[in-house]
Amino acid sequence: MEIMNAIGKVLALGCGTTLEKVLRSKCYATLEKTNKTLEARHPSSTDAGVALRAGHMEFGRLINTVGERQALVGAKDITPDFGIGMELRPLIQATGEHIIRAAGKCLTLDIKNMAKQWQNSTADQQIDICRALYHCLRSTSQDSKGDLTMEVLMESMESHMKSNAHEVRKVLPQQYGMWNPDSCVANCQGKTQMLIAFARLAKARVIVVHPLKHAGKVINAIRHHIYEKVVGDITKRNITHLDKPFAESLQAGRIDLFRRAADEYFHVCACIQVVDGRWVLIDPHGLNFGIMGEEWNMPEIVERLDRYSEVLPGLHLLATDKGRHERLMKMADKRTDELIARSVKLEQHLAIASNPIELIDALISSGEIRFMIESFSKHDQEKLDKALTDPEYIRLVAMTFVLGENIWDPFRIMMDTDFMKKRLHSIITSHHCVAMNELNHQWSEDGMLIHPECELTNPEYSVAISAINSLVDHYGPEVNRFFMDYSFDQTSMFNALRGIMSRWSDEESIMIGKAAEKSLKALPVQHPLCRLRLSHVI
Amino acid sequence: MIDNSTPKDSLSPKARALADQLGHTGSIAEALKKDPSLAEGLDEYQKWRDAEHQAEGQRIGSDSRQQPVKHGVAEALKKLGLPPKRKHKKK
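Keeping their order, the protein sequence lines are chains A and B. Sequential numbering of the first sequence, starting at 11, is according to this note's numbering. Sequential numbering of the second sequence, starting at 83, is according to this note's numbering.
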């Protein structure tokens, strides 16, 4: 009853139709007819037949742990307790199709034009369209608020909380309405629905991606590592006089890192195939874009999804970048070491100066000033290159760096007994600042870093499962049973684990929870929230 | 860092007025309430605004919620600007 209510709400609130109408529709009748003949069309002697009879839960666990061949052997003649829900499959699929149709109405004219353009485009042009689509579906609230200060951090935290609050973000097309980056409240599900609607319009192949490890988390881990290295070096070298903006950014950065570390959530995005077979991940809500490299083995994964899509439409297959993202940590680590070493060398070179004029000369002769200008200047490269050929400009910059904010106040400079130390410390920490800012660049938008661990699945069916999950009012055994019967995904298993986290759970909830626990524990990759919940089961 | 911002010069007067008034984040509804005639430049302005968002994405890159770390050296450089063009005088 709870599930039927939730489906009814999805259709009425989100798609402008009703459960009754859908149940009477031709589309539903066709789906139901196909569903009824599944067993006959897929006898137990076939691979699909074996999967059908083993159900989502058993086959999902096996195929994701021991591989397809072994899974088919292990799943033969199995009598599963979960995962063979059949009756509601046509309704789930029909609900998904309605959601995508309604999401199509939320696409702007520009996006619809991109879909038209798609069919006459080459693979590279289609990748450009994917990139444009990615940028188009980013929300204004996601933009950077400016340089890292305490005030900007507070503003960013406030904006993040306001724009991502559960009551603000909407899942269903008629709730979030026509897309615009400023005020459309579509959440990750909404944006994924729009991406699928785009793909359907463009007649492009699309699959749904549930990241288990988020690219943003990888970036944060790297940033945290760099932060610790930078602060460690500053402490070790007894650099006591940090300039004010840098000191404030370091303090705000620490808070920012902690805030982000605690931010775990289930997420969804989409992957679209371009004409030459490559798959492009588009995640405008989680800010990740890129072409899936060979390490993802996408052709095999998609082929496998296709093979079982009819018999197990809720099957999610695990895929990873095979640890490719770890090399980014090594790259960042190496770069930070290089920059710190240059800072040490610069400090040694500048230490010979005993007054501001000598410090200016030493800075110019250090060979680092060009790098400092290029790293911090916001002017375009052409103008900058021209300026860097002018020795007077270089000298002026060195003077500005050495004399600092008191450049027009020689009296203050003369009276400040710590002046030389302060300026030296300011100059030599500029390399630390560069190290910390390197990761503001393109890694998660140019394909260097893609959500490294994901579950991949069929679009419409999965969109409906997620929407139903969002619209359920109360998680009782009936609800958890539904998700375990009709889908194999970690969000559903996470919810089911609740049954074994409380000593007052009823028998059915415990049984469902234990089944989820068994599957999750077997999987090679788990969502951090699942890992956390698994560590708390009784 | 490269400045990729989209020039406003090519915009029509109405679109330019919207761009000057709102930048790429202001409220369009508010601006149109004040001056409904600006609606004429709305489509063109929206395209400019989308291009601005895209350019900003490329500029900031990565996780664009991330705010860059500040440093006094950057501020000093910003204040200093680039050298002015020299005037060559006949001797």
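All C-beta atoms in this analysis are idealised placements derived from N, C-alpha and C, irrespective of residue type, glycine included. Quantities reported herein were computed from a predicted structural model and do not represent experimental measurements.
Extent of the continuous beta strand (DSSP E) to which residue i belongs
i	result
proline 3 of chain A	No information on residue 3 of chain A is available, as it lies outside the stretch 11 to 548 that chain A covers here.
threonine 330 of chain A	327-330
isoleucine 301 of chain A	298-301
aspartate 293 of chain A	289-293
With 16 other Cβ atoms within 10 Å as the buried cut-off, status of residue i
i	result
tyrosine 318 of chain A	buried
proline 221 of chain A	buried
lysine 514 of chain A	The amino acid occupying residue 514 of chain A in the given sequence is tryptophan; lysine does not appear at that position. The residue in question, tryptophan 514 of chain A, is exposed, as its Cβ has fewer than 16 Cβ neighbours within 10 Å.
glutamine 136 of chain A	buried
tryptophan 418 of chain A	exposed
methionine 67 of chain A	buried
leucine 119 of chain A	exposed
glutamine 391 of chain A	exposed
threonine 105 of chain A	buried
phenylalanine 6 of chain A	The displayed coordinates of chain A run from 11 to 548. Any statement about residue 6 of chain A would go beyond what the structure contains.
valine 155 of chain B	buried
cysteine 37 of chain A	exposed
isoleucine 362 of chain A	exposed
histidine 461 of chain A	buried
arginine 99 of chain A	buried
valine 151 of chain B	buried
arginine 541 of chain A	exposed
isoleucine 510 of chain A	buried
aspartate 253 of chain A	buried
isoleucine 367 of chain A	exposed
valine 228 of chain A	buried
histidine 484 of chain A	exposed
threonine 250 of chain A	exposed
serine 472 of chain A	buried
proline 309 of chain A	exposed
methionine 204 of chain A	buried
For residue j and residue i, believed in contact at Cβ under 8 Å, the rounded distance
i	j	result
valine 20 of chain A	alanine 477 of chain A	5 Å
alanine 257 of chain A	threonine 159 of chain A	With a Cβ gap of about 11 Å, alanine 257 of chain A and threonine 159 of chain A do not count as contacting.
arginine 210 of chain A	isoleucine 110 of chain A	6 Å
leucine 322 of chain A	threonine 467 of chain A	Going by Cβ atoms, the distance from leucine 322 of chain A to threonine 467 of chain A rounds to 10 Å, so no, they are not a contact pair.
aspartate 273 of chain A	glutamine 149 of chain B	Between glutamine 149 of chain B and aspartate 273 of chain A the Cβ distance is about 16 Å, and since that is not below 8 Å, they are no contact.
phenylalanine 276 of chain A	histidine 441 of chain A	In fact, because the Cβ distance is near 39 Å, the residues do not count as touching under 8 Å.
serine 169 of chain A	lysine 155 of chain A	7 Å
leucine 373 of chain A	phenylalanine 421 of chain A	The pair is not a contact, with the Cβ atoms about 23 Å apart (cut-off 8 Å).
threonine 439 of chain A	isoleucine 282 of chain A	Actually they do not touch by this definition, with Cβ atoms about 44 Å apart.
Proximity of residue i and residue j at Cβ, strictly below 9 Å
i	j	result
alanine 445 of chain A	leucine 349 of chain A	yes
isoleucine 102 of chain A	glycine 324 of chain A	yes
proline 294 of chain A	lysine 223 of chain A	no
alanine 125 of chain A	phenylalanine 208 of chain A	yes
leucine 328 of chain A	glutamate 463 of chain A	yes
alanine 408 of chain A	isoleucine 370 of chain A	yes
isoleucine 17 of chain A	alanine 113 of chain A	no
alanine 506 of chain A	glycine 486 of chain A	no
glutamate 465 of chain A	histidine 326 of chain A	yes
aspartate 495 of chain A	phenylalanine 69 of chain A	no
valine 195 of chain A	alanine 280 of chain A	no
threonine 75 of chain A	alanine 525 of chain A	no
threonine 346 of chain A	valine 489 of chain A	no
alanine 99 of chain B	aspartate 125 of chain B	no
valine 285 of chain A	alanine 133 of chain A	yes
serine 512 of chain A	isoleucine 548 of chain A	yes
proline 191 of chain A	threonine 150 of chain A	yes
isoleucine 236 of chain A	aspartate 343 of chain A	yes
Extent of the continuous alpha helix (DSSP H) to which residue i belongs
i	result
cysteine 146 of chain A	133-146
alanine 280 of chain A	First-last for alanine 280 of chain A: 279-283, but that is the beta strand (DSSP E), not the alpha helix (DSSP H).
valine 577 of chain A	Within the shown structure, residues of chain A are numbered from 11 to 548, placing residue 577 of chain A beyond reach of any answer.
alanine 103 of chain A	The residue you asked about is not alanine; residue 103 of chain A is glutamine in the sequence shown. Residues 99-114.
glycine 70 of chain A	57-75
tyrosine 318 of chain A	308-319
arginine 510 of chain A	Checking the sequence, you will find isoleucine at residue 510 of chain A rather than arginine. That residue, isoleucine 510 of chain A, is in no alpha helix (DSSP H); it is neither H nor E in DSSP.
phenylalanine 411 of chain A	401-413
alanine 85 of chain A	78-85
methionine 171 of chain A	160-174
serine 519 of chain A	517-532
Members of the stretch 152-167 of chain B near chain A, C-beta cut-off 8 Å: Residues are counted here when their Cβ sits less than 8 Å from a Cβ of chain A; for the stretch 152-167 of chain B these are Lys152, His153, Gly154, Val155, Ala156, Glu157, Ala158, Leu159, Lys160, Lys161, Leu162, Leu164 and Pro165, given in chain order.
Near-chain B residues of the stretch 433-447 of chain A - C-beta to any C-beta below 8 Å: Using a CB distance below 8 Å, the part of the stretch 433-447 of chain A facing chain B consists of Ser436, Ile437, Thr439, Ser440, Cys443, Met446 and Asn447, ordered along the chain.
Interfacial residues, the stretch 65-95 of chain A to chain B, with Cβ spacing under 9 Å: Residues of the stretch 65-95 of chain A with a Cβ closer than 9 Å to any Cβ of chain B: none.
Residues of the stretch 149-174 of chain A whose Cβ lies closer than 8 Å to any Cβ of chain B, in chain order: Among the residues of the stretch 149-174 of chain A, those with a Cβ less than 8 Å away from any Cβ of chain B are Thr150, Gln152, Asp153, Ser154, Lys155, Gly156, Asp157, Leu158, Thr159, Val162, Leu163, Ser166 and His170, in the order of the chain.
Residues within the stretch 192-221 of chain A neighbouring chain B, beta-carbon criterion of under 8 Å: For the stretch 192-221 of chain A, the set of positions with a beta-carbon nearer than 8 Å to some beta-carbon of chain B reads Asp192 in chain order.
The stretch 467-489 of chain A: positions lying closer than 8 Å to chain B by Cβ: Under the 8 Å Cβ criterion, the stretch 467-489 of chain A contributes no residue.
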